[in-house]
Amino acid sequence: MSVKSIKTQKLFKYVWLTGAKYHGKFMILSVIRSNSDIESVFGISVGKNLGSAVIRNKVKRRIRNILLDSTKEFTGLSLIIYLRKNASNVSFIKLRDEFVYLLDEFMFNERKT
1 MSVKSIKTQK
11 LFKYVWLTGA
21 KYHGKFMILS
31 VIRSNSDIES
41 VFGISVGKNL
51 GSAVIRNKVK
61 RRIRNILLDS
71 TKEFTGLSLI
81 IYLRKNASNV
91 SFIKLRDEFV
101 YLLDEFMFNE
111 RKT
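The sequence shown: position 110 = 110 (our numbering), numbered continuously.
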């Protein structure tokens with residue numbers, strides 16, 4: 001099974017500009033709730049300030065793996081993950097823990113409204 005990615009620049013920009021943002025030490029999450037019946041879509045944004053192409057690809061692979069493990073828990077989200085510069089020096093476990101924390105924060109705030 002693979003992670004379904006955001007295909008168009010228009011949707012990517014829409015999610016980034018209008019989505020609820022959650023800031024962590026290593027990443028920023030921008031999330032919009034779509035239809036709860038559809039599969040979630042994801043975008044990963046990694047700037048060149050993160051390091052060489054090898055490092056950027058390594059971090060993206062880690063994020064895709066985290067998303068693959070987490071997609072069973074939720075549906076109907078459009079989500080963008082922007083990785084900060086210090087994300088290249090952190091372990092997989094810390095990245096996963098922060099992603100889960102930020103996503104839980106979104107789910108908690110969504111239940112309140």
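Note that beta-carbon positions come from the ideal geometry of N, C-alpha and C, so glycine has one too.
Computed from a predicted structure; not experimentally measured.
Please look up how many angstroms separate the CB atoms of residue i and residue j, rounded, as I've assumed it's under 8 Å.
{"i": "Trp-16", "j": "Ser-30", "result": "5 Å"}
{"i": "Leu-83", "j": "Val-46", "result": "5 Å"}
{"i": "Lys-21", "j": "Ile-28", "result": "6 Å"}
{"i": "Gly-19", "j": "Ile-80", "result": "7 Å"}
Pick out whichever of the options has its Cα sitting closest to the Cα of residue i.
{"i": "Ile-38", "options": "Val-54, Asn-49, Thr-71 and Lys-13", "result": "Thr-71"}
{"i": "Asp-97", "options": "Leu-67, Gln-9 and Lys-112", "result": "Leu-67"}
{"i": "Leu-103", "options": "Thr-75, Lys-7, Lys-58 and Tyr-14", "result": "Thr-75"}
{"i": "Gly-43", "options": "Tyr-101, Phe-92 and Ser-5", "result": "Ser-5"}
{"i": "Ser-88", "options": "Met-107, Lys-60, Glu-73 and Gly-19", "result": "Lys-60"}
Can you name the start and end residues of the alpha helix (DSSP H) that residue i belongs to?
{"i": "Lys-10", "result": "9-18"}
{"i": "Val-31", "result": "From DSSP, Val-31 is part of no alpha helix (DSSP H) but of the beta strand (DSSP E) over 27-33."}
{"i": "Leu-191", "result": "An answer regarding residue 191 cannot be provided, because it is not within the stretch 1 to 113 covered by the chain."}
{"i": "Val-41", "result": "Taken as a continuous stretch (DSSP letters only), Val-41 belongs to no alpha helix (DSSP H), being part of the beta strand (DSSP E) at 41-46."}
{"i": "Leu-67", "result": "53-70"}
Quick check on the DSSP output: the beta strand (DSSP E) that includes residue i runs from which residue to which?
{"i": "Ser-78", "result": "77-83"}
Using DSSP's beta-bridge definition, name the partner residues of residue i.
{"i": "Ser-5", "result": "Phe-42"}
Using only the heavy atoms of the ligand MN, determine whether one of them is closer than 6 Å to the beta carbon of residue i.
{"i": "Thr-75", "result": "The ligand content of the structure shown is nil, which means the ligand MN is not present either."}
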